[in-house]
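J.: The letter at position 35 of the sequence shown is residue 32 when you use the numbering used here, and the numbering goes up by one with no holes. Ideal Cβ positions, reconstructed from N, Cα and C, are used throughout, including at glycine.
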Amino acid sequence: MHLENALALVQSSSADLNEPWQSLPDREALVFWSLWAMAHLGLGAAKSLLGYLDQAQTHLSIVVERAAPLNYATGQAEVSVIQVRMRSHYTDVAELAPSIEQSSRAARELGLVLYSAMATIHRGYVISCRGAPEQGIGLMEEGIEAYAATDAVIWSGYHHALLAEAYQQVGRLTEARHLLVEAQEWAERSGERWYDAELARRLGEVERQQGNVKAAEKQFKQALAIARRQHAKLWEMHAATSLARLRHEQRRSAEARAVLAPVYGWFKEGLQTGSLRRAKAILDELDPRPERA
């Protein structure tokens, strides 16, 4: 993997493999640290989507822990915001809240407009998930507007998906659907395809909430196909969980288990993360009730 080669190259440039920047002058140390941190963050992101969640967390934790001694406040704030975004794909919101507050405060104090906008979106998402969706929506809309004002476009689909989830909570389903379709169209134009499976799955959840069972099933199956094509086991788990839940609601328990059990069984790490706990909860609910005729 290119990122592993990059990390090895950076580390080979110093006798100190853990903190290779320590022996360098300040300016060179910052450049060296940035390369080292981005390699670890990139590996963390890739491994999480590939389904190696413990390994992903190790990479993220290393950067967070070893950023502090450098006294590079801007870099630390950037890392804090980025690792929250990565962990949000598989971690329960309650576990993310302290990191989100810390990253938001640091980004604001340092005047990091881009990262402050991202942190505001994350804060709004946490507030929404904790039972105050209207307040959370206000913050997320504010953060998305500030993010767009920087002319940044990467991760926009992800941000729109979080807002769409909050819209779902308050019954604004048409707006949620519009946001997700808009995000899909943007991904098509921009070529940013890493979130395609999740966008399809989330659109399926909106269809399901609206009672459009066939449309929901179509989106969930599309999400599964995309995830498998990309070898994105985490997204495959999410899509399988959504489809299994739909099958369970239809009293098609055997089909639900057939969809979800093999994907869940593949995972050997990260079993205590929110994503896998939710999948396990559905598997535990499945029982041999009579199948629907």
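Out of curiosity, what's the CA-to-CA distance linking glutamate 252 and histidine 228?
T.: For the purposes of this step, residue 252 is identified with residue 255 of the sequence shown, where counting begins at 1. For the purposes of this step, residue 228 is identified with residue 231 of the sequence shown, where counting begins at 1. Computed Cα separation, rounded: 23 Å.
J.: Run through DSSP, which three-state label would glutamate 228 get?
T.: Here residue 228 refers to the residue found at position 231 of the sequence shown. Strictly speaking, residue 228 in this sequence is histidine, with glutamate absent from that position. Histidine 228 falls in the coil class under three-state DSSP.
J.: Between tyrosine 261 and alanine 276, is the Cβ-Cβ spacing less than 7 Å?
T.: Indexing the sequence shown from 1 puts residue 261 at position 264. Indexing the sequence shown from 1 puts residue 276 at position 279. Yes; because the gap between Cβ atoms is below 7 Å, this pair is in contact.
J.: Using the three-state DSSP reduction, which class does glutamate 266 fall into: helix, strand or coil?
T.: As a working mapping, residue 266 is identified with position 269 in the sequence shown. In the structure shown, glutamate 266 sits in coil (DSSP, three-state: anything other than H, G, I, E or B).
J.: Alpha carbons only, please: which of Thr117, Tyr192, Gly128 is nearest the one belonging to alanine 143?
T.: Indexing the sequence shown from 1 puts residue 143 at position 146. The candidate whose alpha carbon is nearest that of alanine 143 is Thr117.
J.: Could you tell me the boundaries of the alpha helix (DSSP H) in which glutamine 207 lies?
T.: The residue labelled residue 207 in the question sits at position 210 within the sequence shown. Looking at the DSSP string, glutamine 207 is not in any alpha helix (DSSP H), and its letter there is neither H nor E.
J.: Out of Tyr122, Met115, Tyr87, which has the shortest C-alpha to C-alpha gap to serine 45?
T.: The residue given as residue 45 occupies position 48 in the sequence shown. Here the closest residue by C-alpha is Tyr87.
J.: Give a yes or no on whether the C-beta atoms belonging to leucine 40 and histidine 56 are separated by under 7 Å.
T.: Position 43 of the sequence shown, counted from the first residue, corresponds to residue 40. Position 59 of the sequence shown, counted from the first residue, corresponds to residue 56. Contact: yes.
J.: Check whether the segment 132 to 149 and the segment 183 to 203 touch, using three or more Cβ-Cβ pairs below 8 Å as the test.
T.: The answer is no - the segment 183 to 203 does not touch the segment 132 to 149, with fewer than three Cβ pairs under 8 Å.
J.: Which runs of the alpha helix (DSSP H) fall wholly inside the segment 146 to 219 and span at least 4 residues, in chain order?
T.: You should have 153 to 166, 170 to 187, 193 to 206.
J.: Look at the Cβ atom of arginine 120, then the Cβ atom of isoleucine 134, and state whether they are nearer than 7 Å.
T.: Counted from its first residue, the sequence shown places residue 120 at position 123. Counted from its first residue, the sequence shown places residue 134 at position 137. Taking 7 Å as the Cβ cut-off, arginine 120 and isoleucine 134 do not qualify as a contacting pair.
J.: With a cut-off of 8 Å on the beta carbons, I'd call leucine 283 and histidine 245 a contact; round off their distance for me.
T.: Residue numbering aside, residue 283 sits at position 286 when the sequence shown is read from its first letter. Residue numbering aside, residue 245 sits at position 248 when the sequence shown is read from its first letter. Contact holds; Cβ gap of about 6 Å.
J.: Name the two residues that bound the continuous alpha helix (DSSP H) containing threonine 71.
T.: Here residue 71 refers to the residue found at position 74 of the sequence shown. Start and end: 70 to 84.
J.: Using C-beta distances below 8 Å, list every residue in its chain close to alanine 34, excluding the 5 sequence neighbours before and after it, in chain order.
T.: In the sequence shown, the residue the question calls residue 34 occupies position 37. Cβ neighbours of alanine 34 beyond the five flanking positions: Val60, Ala64, Gly72, Val76.
J.: Should alanine 237 be labelled buried (16 or more other beta-carbon atoms within 10 Å of its own) or exposed?
T.: By 1-based counting over the sequence shown, the position of residue 237 is 240. The residue in question, alanine 237, is buried, as its Cβ has 16 or more Cβ neighbours within 10 Å.
J.: So, helix, strand or coil for aspartate 281, using DSSP?
T.: Working through the sequence shown from its first residue, we reach residue 281 at position 284. In this structure, aspartate 281 counts as helix in the three-state DSSP scheme.
J.: Could you say which of Thr270, Asn209, Leu196, Gln52 lies nearest to alanine 220 if we only look at CA atoms?
T.: What you label residue 220 is simply residue 223 of the sequence shown in a count that begins at 1. Answer by Cα proximity: Leu196.
J.: What would DSSP say about tyrosine 122, mapped onto helix, strand or coil?
T.: Taking the sequence shown and counting its residues from 1, one reaches residue 122 at position 125. The answer is helix: DSSP assigns tyrosine 122 an H, G or I state.
J.: Taking only beta-carbon atoms, is isoleucine 134 less than 7 Å away from chain B?
T.: Going by chain labels, chain B is absent from the structure shown, which holds only one protein chain.
J.: Check whether the Cβ atoms of alanine 222 and glutamate 233 sit closer than 7 Å, and answer yes or no.
T.: Here residue 222 corresponds to residue number 225 of the sequence shown, with the count starting at 1. Here residue 233 corresponds to residue number 236 of the sequence shown, with the count starting at 1. Going by C-beta atoms, alanine 222 is not nearer than 7 Å to glutamate 233.
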